[in-house]
Structure formats: C-alpha cells, structure tokens
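See structure below.
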C-alpha cells in the first residue's frame, strides 16, 4: 500500500515540472487602453499578461534593444501594467520572467499616435452619404498635404480599416478612394480617415471629421414642407418641417450637394404623429438647393425612405435656378407679361421722342420765316421817297454843314488868280442827333 502514494507523489511532481517547462514556451499577450490608436495629447496604458508564475514583465520598443520599461507582476501575478503619459509611436512587445526562465516575446502591438501633423484630411461620400440598404458607396479622403498613404477607419464594434496609396488629383490635392459596401442597416456606418508618410507608418495626421452614412429604404417616407413657400426672399428666416404619420423619434435633413446630415428634436403634436423643425437661418444664395428628410427609430440604424424633394428658390437669383414644370409655367407667363410691358413703354418713349422732334422742327421753321420777313422785305414794301418816310414819322434832327473846301486835300490845284472865285460847291449836311 505504501508504493501507491509514492507513485502518486511522483506523478504530481512530474506534472508540475512538465507544466513549468511548458510555461517557458508560452508567450504573453499585449494590448493598449483605451486603444492602439492614441492622440498625441493623451496618455496610454499598455498591458502584458502571462502566467501566475510570472515575476517580472519587460516592455520593449522594436527600435530599442534594451527594455523600454520594467514592471513587477500584479496580483494574481499574471499581468503587468505599463502607464505612459507621453507615448512614442511604434511597435511594442513584451515578455515575462518566471522561475523557469524567460518567456517568448508577445505578438507585436502597433501603437499609432495621431495628431503628429497638424493638417487633417477631409472625408466625403460619393455621390452622397445617403445610401439605400444593400447599396455601395465610395468614400473620398483627400488633403493638401502630400501624404503618401491614407487609412480609413470605421467606428463601432465591428471596427475595420483600409489603407490605400494616395493619388494626385487635378486640383492639386492628394486623395484615395475607398469602396464601401454592401451597406446594411444592422450596423452603424461612421468613418474617419487619416494621412501618413510611408517612412513613418505609426505617425498619423489629425483625424478627419466623422462621416456617418445614412442607410435608407425602411418604413414609410415622411413629408417635407415650409410655411414660407418654395420661393423665399433673400433676408427672410427659413424653417423646414419634416412630418410623418408614423411615430418616428428622430428626423434628419439632407441637402443636395452637401455631406452634412443635421438631426433635430422630434415633436409629437398628436398621438401617432411626429414632426421636427429645421431652422436654416437667414436666407441667402447658399440656401437654394433641393432638400429631403428621413425618419428613423433610435433602436434601429435604418432610416425611412426619402421624402419627396423640396426645391428652395431664393428670389434674388431666380433666373439661374431650375424650376418644376408648374413653376416654369408661372415664371414664363410672368416673363411674357414683363416683356409686353417693357415693349409698350419703349414704344411710348419712342413716340413721345418723335413728337417732340416734330414740334421742335415746326417751331424752328416758323422762327426762320419770321426772321426772313423782317430782314428781307418785298420790293413793294420799300419806301422810295425819303421825305415821305420822314413825314410819316416826324422827328427832330440836328444837322451840321460840312465845308467841302476844308475837306479837300492840300495837294489840290489852287485857283489861277486871287480874284477868281472858287466854283460853287454843293452844301453837304450830316445828321448829328435824332430827337
């Protein structure tokens, strides 16, 4: 009977030894909290987990031969915590020391630090962030900074990432086009993208603004309307209202040509009805567009079908905006009316101008006729007898007698003898004044 306990003790001893020897080949696991993608302004905690026989844990950076950090095992001695206030981007691994020796290295942990480059890329959906259930979409990540590569990340439980080389765009930007789909409503579809250089693959730019895809095609579509009407004057306040006879608890507004999908608080004016107001502020030329709205439930990521499109026209630029047929008819009728009115005014102005020219010409002709009558009298009207003219208009006249001899020049011939009288000369009178 004493042999059996001895064999049992021998078996237990061999089993423990075998377990310790096997522990030498067991490699630890490594992970980071809150994640392997960390902002440059945030701290990170790296965990290394081995076995309960571990005594000490070492953390290594791939670019360093010596341990990056060393920590004692925490109870129950199966893991260690490495807290870093400022982390260095790179690849990390860890190992632990046990009574039987050192373990293998863990699989590498790629720790990415974002915000290394101030410039952040832009992310947009082509052709629109609204996607029907089961459809596909292309996400465009672009930047003016000449990044070598772009990476697309998806937020949520089923996180995934895609990496593509950048391509030159004619605008001067670099970009990458990521195909996404098929898109199903059972998941959240929120994305961000980053840019980086191939030489430093763990140093990324700031993240782009988040882009959320709207998966439509569910229950009944809502209605979209506005109290101001489709044609709105510039400077007015514009509010769009999305309503439905289905009890939606959220609505979203879509504007053609933009990536924004604003949501609004839902009101329930009556049981079974729901509506939401979207104030768009003071109207200007940027508000002219085509709008749609969608309804959804908080417990589902699927949205309703789109409402009928609502075209908003700003009055100041109505000539440049495509209208519906009814509005085109109204505008064409109004344009025809204005054309007729303008034509009538032009005709009246021309007629008045012509009449004024005729009157002026006639007045000038009359003036010329009267002047000619005063300056050029007819032969029968000329008075030939000066005495008759004088008697007809008696006037006091002062005369002076001119000495004809005094008016002669000194070179004239003198008389032949002193006794000879000069010949009789006619008297000449000159009128000095008329009274």
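Residue numbers (UniProt numbering): 1 to 435. All residues carry an ideal CB built from backbone N, CA and C; glycine is no exception.
Whole-angstrom distance between residue j and residue i, CA atom to CA atom
i           : j           : result
residue 308 : residue 118 : 42 Å
residue 97  : residue 60  : 14 Å
residue 276 : residue 227 : 14 Å
residue 198 : residue 50  : 33 Å
residue 241 : residue 190 : 26 Å
residue 193 : residue 38  : 14 Å
residue 216 : residue 274 : 18 Å
residue 45  : residue 90  : 14 Å
residue 262 : residue 254 : 7 Å
residue 144 : residue 129 : 22 Å
residue 355 : residue 347 : 12 Å
residue 290 : residue 93  : 54 Å
residue 362 : residue 339 : 35 Å
residue 195 : residue 40  : 15 Å
residue 87  : residue 172 : 34 Å
residue 74  : residue 292 : 57 Å
residue 312 : residue 107 : 58 Å
residue 58  : residue 200 : 25 Å
residue 278 : residue 243 : 11 Å
residue 352 : residue 344 : 12 Å
residue 174 : residue 152 : 15 Å
residue 112 : residue 35  : 9 Å
residue 234 : residue 271 : 37 Å
residue 156 : residue 184 : 14 Å
residue 127 : residue 120 : 22 Å
residue 366 : residue 342 : 37 Å
residue 357 : residue 349 : 12 Å
residue 294 : residue 288 : 20 Å
Cβ-Cβ distance between residue i and residue j below 8 Å
i           : j           : result
residue 166 : residue 176 : yes
residue 147 : residue 164 : no
residue 56  : residue 72  : yes
residue 206 : residue 142 : no
residue 213 : residue 137 : yes
residue 266 : residue 249 : yes
residue 315 : residue 232 : yes
residue 133 : residue 302 : yes
residue 182 : residue 135 : yes
residue 139 : residue 211 : yes
Candidates the options: closest to residue i by CA position
i           : options            : result
residue 104 : 233, 29, 211       : 29
residue 202 : 48, 211, 109       : 109
residue 180 : 40, 222, 131       : 131
residue 76  : 93, 53, 302        : 53
residue 70  : 88, 95, 91         : 95
residue 300 : 314, 204, 31, 219  : 219
residue 230 : 183, 310, 352      : 310
residue 260 : 125, 268, 271, 156 : 125
residue 123 : 208, 150, 174, 183 : 208
residue 224 : 40, 239, 79, 81    : 239
residue 42  : 85, 288, 302       : 85
residue 269 : 256, 280, 285, 247 : 247
residue 280 : 305, 236, 350, 258 : 236
residue 296 : 286, 264, 271, 113 : 264
residue 306 : 221, 33, 288, 360  : 221
residue 204 : 101, 168, 294, 150 : 150
residue 188 : 170, 154, 168      : 154
residue 286 : 100, 102, 258      : 258
residue 80  : 99, 47, 101, 100   : 47
residue 186 : 342, 298, 120      : 298
residue 32  : 294, 350, 82       : 82
Where the beta strand (DSSP E) through residue i begins and ends
i           : result
residue 237 : 237-244
residue 116 : 109-117
residue 91  : 90-98
residue 311 : 310-314
residue 280 : 274-282
residue 255 : 250-255
residue 266 : No beta strand (DSSP E) contains residue 266, which DSSP labels as neither H nor E.
residue 124 : 122-126
residue 134 : That residue, residue 134, is in no beta strand (DSSP E); it is neither H nor E in DSSP.
residue 289 : 289-296
### Query
For the segment 146-231, which segments carrying the beta strand (DSSP E) assignment without a break, of at least 3 residues, lie completely within its bounds, in sequence order?
Here the runs fully enclosed are 149-154, 161-165, 174-180, 190-196, 203-205, 214-216, 223-226.
### Task
Could you name each continuous beta strand (DSSP E) segment of 3 residues or more that falls completely within the segment 17-85, going from the start of the chain to the end?
DSSP runs (the beta strand (DSSP E)) wholly in the segment 17-85: 29-33, 37-39, 44-49, 56-61, 69-72, 79-84.
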